[in-house]
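Residue numbers (the numbering used here), protein chains in the order written: chain A, 1 to 342; chain B, 1001 to 1342; chain C, 2001 to 2342; chain D, 3001 to 3342.
Worksheet: the structure to be examined is printed underneath.
Number of protein chains: 4
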Amino acid sequence: MIKVGIVGGTGYTGVELLRLLAQHPEVELAAITSRGEAGTAVADMFPSLRGRVQLQFSDPKDAPLDRCDVVFFATPNGVAMQQTRALLDAGVRVIDLAADFRIKDIGIWEKWYGMSHAAPDLVAEAVYGLPEVNREAIRKARLVANPGCYPTATQLGFLPLVEAGCVDVGYLVADAKSGVSGAGRKAETNILFSEASDNFKAYGVQGHRHLPEIRQGLAIAAGREVGLTFVPHLTPMIRGIHATLYARVTREEDFQALFEQRYAAEPFVDVLPPKSHPDTRSVRAANTCRIAIHRPQGGEMLVILSVIDNLVKGAAGQAVQNMNLMHGLDECTGLGQVPVLP
Amino acid sequence: MIKVGIVGGTGYTGVELLRLLAQHPEVELAAITSRGEAGTAVADMFPSLRGRVQLQFSDPKDAPLDRCDVVFFATPNGVAMQQTRALLDAGVRVIDLAADFRIKDIGIWEKWYGMSHAAPDLVAEAVYGLPEVNREAIRKARLVANPGCYPTATQLGFLPLVEAGCVDVGYLVADAKSGVSGAGRKAETNILFSEASDNFKAYGVQGHRHLPEIRQGLAIAAGREVGLTFVPHLTPMIRGIHATLYARVTREEDFQALFEQRYAAEPFVDVLPPKSHPDTRSVRAANTCRIAIHRPQGGEMLVILSVIDNLVKGAAGQAVQNMNLMHGLDECTGLGQVPVLP
Amino acid sequence: MIKVGIVGGTGYTGVELLRLLAQHPEVELAAITSRGEAGTAVADMFPSLRGRVQLQFSDPKDAPLDRCDVVFFATPNGVAMQQTRALLDAGVRVIDLAADFRIKDIGIWEKWYGMSHAAPDLVAEAVYGLPEVNREAIRKARLVANPGCYPTATQLGFLPLVEAGCVDVGYLVADAKSGVSGAGRKAETNILFSEASDNFKAYGVQGHRHLPEIRQGLAIAAGREVGLTFVPHLTPMIRGIHATLYARVTREEDFQALFEQRYAAEPFVDVLPPKSHPDTRSVRAANTCRIAIHRPQGGEMLVILSVIDNLVKGAAGQAVQNMNLMHGLDECTGLGQVPVLP
Amino acid sequence: MIKVGIVGGTGYTGVELLRLLAQHPEVELAAITSRGEAGTAVADMFPSLRGRVQLQFSDPKDAPLDRCDVVFFATPNGVAMQQTRALLDAGVRVIDLAADFRIKDIGIWEKWYGMSHAAPDLVAEAVYGLPEVNREAIRKARLVANPGCYPTATQLGFLPLVEAGCVDVGYLVADAKSGVSGAGRKAETNILFSEASDNFKAYGVQGHRHLPEIRQGLAIAAGREVGLTFVPHLTPMIRGIHATLYARVTREEDFQALFEQRYAAEPFVDVLPPKSHPDTRSVRAANTCRIAIHRPQGGEMLVILSVIDNLVKGAAGQAVQNMNLMHGLDECTGLGQVPVLP
């Protein structure tokens, strides 16, 4: 059994980790921390876990994290970079669900995240946890930077095209829509039910923190800088990301075949038949990314549709997938949930 | 492995059965029928099942139902009563998720369902599939009448009081609220998104078909007729029933203890601590009923709150629970899903 | 033109007052205050008011409230009782949308609201602003206590029965469901979209502050104390209250006729035909209460369904109705909005 | 008073026309037809109109449409083209809210709408009813083709750029999101609450009927053919369209000033301050289009955000605006509704 610790378990990625780990046959939940809720039973805060998770939140100071095999950080940005070194030194592997180790260029990270980085050397060591790109490196990693939700949906949709070099990477457009849980479980007015329900809006059009992360991933795949316009939107649903991706063809290909081949061996990427329109609900509560390829009216513009559950393949599920890889388990262990529809 | 057939798999109880059975370790899905969709791959109609269910819908005439161990009817009312006898004769056990075998008094059934009953003798044989009441009978049953969604939530909430004889059963009130999936997957104007969203209404106040079913169950428990006012409401959510139950105390008891004892051994009934307010989402996609007991201002009126997922404990999950009982499996097999929250 | 001031305009009742007053032909908006947002243009905070409201929020100290004809308090409980006397002394009429002046018994108020009352004499003077009960007194009032949302829907539904003395007022049940805007525009976790959407729950079953308010109104109508069980619920919609009311018949009446006669002259109460099921959306954004009367299976229990928009007839619209009465205008002036459906 | 007839009043554009016309001071509702609902009181079908609309639906054969001043067609495509000539001959002006007269090229119309056109000469005569482009022609028109919802939001967002010739019109992208009411009030499975709620998807990526309409409008403005990729999406809200528009700069401009000047005199187009993110709810139930201009990171790509209420500025409100123009009224008459927020 893998002994697992979670730092910061009161947000949505935390409770989603608990949901998945409570069903994982090879995991023993050893500790979960929360400064504000120390002493509270996890199941009192999240009644959905009654009878399934017996743990209490512990104060971060008291939690036996250094005796875990792996620790997940489900914390705000800036926390993991302070605490990871000590854990690694104690022989604990770390998966950070926040952004501390995602961006290799420290200057870019500091500009977008507005703080100094506490552990640049660990950024250099960290493996970006997108198994469809870095599977072998993840297996051996001590420290995995779990990708963001938008970056997961967007990169999986663009990667086959960018890797094949058949589109104009100077003018990519990613128009992405997220359910409100992507904003976290914070008491903020703008994500109140009465504000976000029956409403739709863009946000962060001037620049969203996931932009440099996506750009970095696509640049690695392209072997050059890419030009990307990324516009996130808030849509009145709890879970789900739908990325609508636009790229101009520069070299003819059988694009459907390109995607099918690229993802033929991937257990969590499902390339749909031509002309499909994936619903976000078709992946609700499951670790799957579904992708459809369109070329409207046979023109020069490709339209790729990519959907994930932002809390699963976009966060906690992908983190468990990475944990499985890091511990030599079948990658799919504990991730067999069938999407909940309707 | 239990060979399972499903008749009528294109509605919400059908797809929910498929979701649960696809994760059930002891089940082999042998056939699923649909007159309208024969030849269509199940996963083409429900993309959430891609990679998980390989079956096609078969025409009812061609499906090898009589070689199954158990057949579920997820059909409109009136279908199972026509086809059950042949299956029973072939040695197949039957679980009807519709209402054909729920009401013992044929006259009452015919009045509320507006048709003649085709198999009154099978009604007499059928076991009402509420395991918390009829567990032993279900184990031996050839034919189980799976309870309705409102009746499950309402009976589980009232039963301890009615069995104990400590409330006035002449004036029970059940004010119940259902998510829209309870109305089924029918193309009807009144359950369109634009009609049912951001809206709330009662319906069927003059009389709903679940009223005689609840009355029958409570009368058996009380050993006498009960007076019940039952008002169902449509609430703008997909899944979930919240029954708010009112009963006047006629004999003092420790009501919290009464419920805790009644359900102490029940794997799928969770009695919450005093003064709790269960969310429907705390049971979303899981086979659990959560119940809270209130006595506002210490007055004469008890208020019981009972929540279930109408598609799971209120339909497909309870049907699988019954199947497990009928086949000698652990009752919880394949029903370990943790509720999806948020 | 009536010069109007609003104290506390950043909540939902405040912005709803602005929506209605911006369309009112006899009103000049003179001032709106907010401690936190002083200097901000109202239309910057609520873009729906761009081009319609030119005011800025002013600091409460600087606002020319004492030169207004009427001041609305759209503030938290406890504010109006501190500031009303000075306004009345300056000849300004006051309408309080909070609860400071609703409960005549100061001891009961202090118990339920958890603070000492600063102006008991003004409570004695204040008129409870339910025009269907107190129209003539409202016309002459200096100070109106605008009713709560649940109390409006519940009293309008019970009043004809209670006034006529034809039901058992010892065991009334009000099972009420509210849209989330009823909880206000506060940054609280439990009313986040991801918490409140696709979910349903009761709250405050042990006791809600609207209980003594409803009891007081019904007791006046009955001429005696009433026994009321009141259970509020949170339903995933923005606006609307649906009160489902249960009362046992003690004297036969033509109940449909009773309601029709009681409300025949009321411009904002609509008694529906027998056996109707009013949607909350049928009053969305309008100052109407719609009521339907049921007697299921001709039994002893009456079921009354009463719907309002909690922000209009349950708050800002009723306040404007009261303002019209206080200033000798046609009661309906500025309140002609047709409900928004779908 | 303008005598108004409505053909086909049982859909969402029909009931929205009724909502607006019931509040219009210069309109007398003379007739509303429905084949299926002849004899039914309008207010029985739409209780939101109780007390506001006294009409019954009449059979199309019996309705005195030829004695109206103006007739609105709120019918499926293909109806107005059959009936318009007779009305025009009788001296009645016609506003078609469907697509029969929107596309000047009959071949293109017949290809996209899948039927033969019954009145090509009337297409030639019809004025495309976008007042921001064709105001003077609308004033004199006998026949107005009211624009589609997506085309209104999209054209208003692109027009200043295309007219000024400062973007590459060969590669425009319109990523548009619509509330579900845009799909109409048809009993179809895919727009059921349980299918469309808590879900997001694209549709019609291979080609949507609004594509040729938008292309036509932009081509007129550009003076040349335009290349447009248009992807519509279904978002789980009732009303609202959010168009996110992408265009590559080919000539530098002060784009904010360009939009402000273009729409300076427009009563129903609101150009927001730089860096704004318009909510769809900021125009809910009102005839306003709000537009924001972005240039992320000062790059080559402009991002324009354009929001409308699909049933108002995208249908019934724009139709009333056109009616006002055709009858010499102030363009804003009866369209003063303040958006409903929250």
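C-beta: ideal position from N, C-alpha, C; glycine also.
Measure the beta-carbon distance from V3307 (chain D) to H3024 (chain D) and round it to whole angstroms, keeping in mind my assumption that it falls under 8 Å.
So it is not a contact: roughly 24 Å between Cβ atoms.
Is there a C-beta anywhere in chain A that falls below 7 Å from the one on F3255 (chain D)?
It does not; no Cβ of chain A falls within 7 Å.
S3181 (chain D): which of B:A1196, B:V1169, B:L1305, B:H1277 sits nearest, CA to CA?
S3181 (chain D) has its Cα closest to that of B:A1196, out of B:A1196, B:V1169, B:L1305, B:H1277.
With a Cβ-Cβ cutoff of 7 Å, do G3005 (chain D) and A3043 (chain D) count as a contact?
No, Cβ-Cβ distance for G3005 (chain D) and A3043 (chain D) is not below 7 Å.
Can you name the residues that DSSP bridges to I3232 (chain D)?
Reading off the sequence shown, one finds Pro at residue 3232 (chain D), where the question assumed Ile. Its beta-bridge partners are D:A3176.
Does the CB of T2189 (chain C) have a neighbour CB from chain A at under 7 Å?
Answer yes: the Cβ-Cβ gap between T2189 (chain C) and chain A drops below 7 Å somewhere.
Is D2100 (chain C) helix, strand or coil when you go by DSSP?
Looking at D2100 (chain C) - three-state DSSP - the assignment turns out to be coil, as it is neither helix nor strand.
With 7 Å as the threshold, decide whether the Cβ of Y2012 (chain C) is near any Cβ in chain D.
With 7 Å as the cut-off, Y2012 (chain C) counts as an interface residue toward chain D.
Less than 7 Å separating the beta-carbons of D3205 (chain D) and V3231 (chain D)?
Reading off the sequence, residue 3205 (chain D) comes out as Val, not Asp. Yes. Within cutoff.
Would you please state the rounded distance, in angstroms, between the beta carbons of G3217 (chain D) and Q3155 (chain D)? I believe it to be under 8 Å.
That belief holds up - the Cβ atoms of G3217 (chain D) and Q3155 (chain D) are roughly 5 Å apart, short of 8 Å.
Whole alpha helix (DSSP H) runs in the stretch 1186-1221 of chain B with 4 or more residues, listed along the chain?
Taking only runs of at least 4 residues, the alpha helix (DSSP H) segments lying wholly in the stretch 1186-1221 of chain B are 1193-1196.
What first and last residue would you give for the alpha helix (DSSP H) that runs through E3132 (chain D)?
Segment 3131-3140, the alpha helix (DSSP H) holding E3132 (chain D).
Taking DSSP's pairing of strands, which residues face F255 (chain A) in a bridge?
In the DSSP output, where bridge partners are listed per residue, F255 (chain A) has none listed.
S3116 (chain D): buried (16+ other C-beta within 10 angstroms of its C-beta) or exposed?
By the 10 Å Cβ count, S3116 (chain D) comes out exposed.
If F1072 (chain B) sits next to I1103 (chain B), beta carbons under 8 Å apart, how far is it from one beta carbon to the other, in whole angstroms?
The Cβ separation is near 20 Å, so there is no contact.
Between I1238 (chain B) and chain D, is there a C-beta pair that is closer than 7 Å?
I1238 (chain B) counts as touching chain D.
Out of A:L234, A:V162, A:A174, which has the shortest C-alpha to C-alpha gap to L258 (chain A)?
The candidate whose alpha carbon is nearest that of L258 (chain A) is A:V162.
Under 6 Å Cβ to Cβ from V3133 (chain D), same chain only, skipping five residues before and after it: list those, please.
Excluding sequence neighbours, V3133 (chain D) sits near nothing in its chain.
In or out: C1332 (chain B) buried (at least 16 other Cβ within 10 Å) or exposed?
Classification for C1332 (chain B): exposed.
Could you name the residues of the same chain whose beta carbon sits closer than 8 Å to that of V1283 (chain B), not counting the 5 residues immediately before and after it, in chain order?
Contacts found: G1240, C1289, R1290, V1307, I1308, D1309, V1312, K1313, P1339.
Determine whether the Cβ of R3050 (chain D) lies closer than 7 Å to any Cβ atom of chain C.
It does: the Cβ of R3050 (chain D) has a partner Cβ on chain C nearer than 7 Å.
If we cut at 7 Å on Cβ distances, does A2285 (chain C) have a partner in chain D?
Yes, because at least one Cβ of chain D sits closer than 7 Å to the Cβ of A2285 (chain C).
Please report the distance separating the alpha-carbon of F3268 (chain D) from that of N3287 (chain D).
If I take the Cα positions, the gap works out to 6 Å.
State the DSSP-derived secondary structure class of L3329 (chain D), mapped to helix, strand or coil.
Correct three-state label for L3329 (chain D): coil.
Using a Cβ-Cβ cutoff of less than 7 Å, which residues in the same chain neighbour I1138 (chain B) once the five nearest sequence positions on both sides are dropped?
Closer than 7 Å at the Cβ level, and outside the excluded window around I1138 (chain B), lie V1127, G1129, P1131, V1144, N1322, L1325, M1326.
For D2198 (chain C), is the classification buried or exposed, using 16 other Cβ atoms within 10 angstroms of its Cβ as the cut-off for buried?
Buried.
Just how far apart, CA to CA, sit V3079 (chain D) and A3098 (chain D)?
Approximately 9 Å, taken between the alpha carbons.
Given a limit of 7 Å on CB to CB distance, which residues of the stretch 2166-2195 of chain C reach chain A?
From the stretch 2166-2195 of chain C, only V2180, S2181, R2185, A2187, E2188, T2189, I2191, L2192, F2193, S2194 have a Cβ closer than 7 Å to chain A.
Taking just the CA atoms, how far does G1170 (chain B) sit from G1223 (chain B)?
Computed Cα separation, rounded: 13 Å.
For the ligand ZN, any of its heavy atoms closer than 6 Å to the Cβ of G3223 (chain D)?
The model depicted lacks the ligand ZN and carries no ligand whatsoever.
For R2067 (chain C), count neighbouring C-beta atoms within 10 Å of its own C-beta (all shown protein chains included) and say buried if the count is 16 or more, exposed if not.
Classification of R2067 (chain C): exposed, given that the 10 Å Cβ count is below 16.
Are there 16 or more other CB atoms within 10 angstroms of the CB of A3202 (chain D), so buried, or fewer, so exposed?
A3202 (chain D) comes out buried.
So what does DSSP say about L1159 (chain B), is it helix, strand or coil?
Correct three-state label for L1159 (chain B): helix.
Strictly under 7 Å for the Cβ-Cβ distance: is Q3023 (chain D) near chain C by that measure?
Chain C contact via Cβ: present.
Would you give the residue range spanned by the alpha helix (DSSP H) that S3084 (chain D) belongs to?
Correcting the residue type first, residue 3084 (chain D) is Thr in the shown sequence and not Ser. Element bounds for T3084 (chain D): 3080-3089.
Within the 7 Å Cβ cut-off, does N3199 (chain D) reach chain A?
Answer yes: the Cβ-Cβ gap between N3199 (chain D) and chain A drops below 7 Å somewhere.
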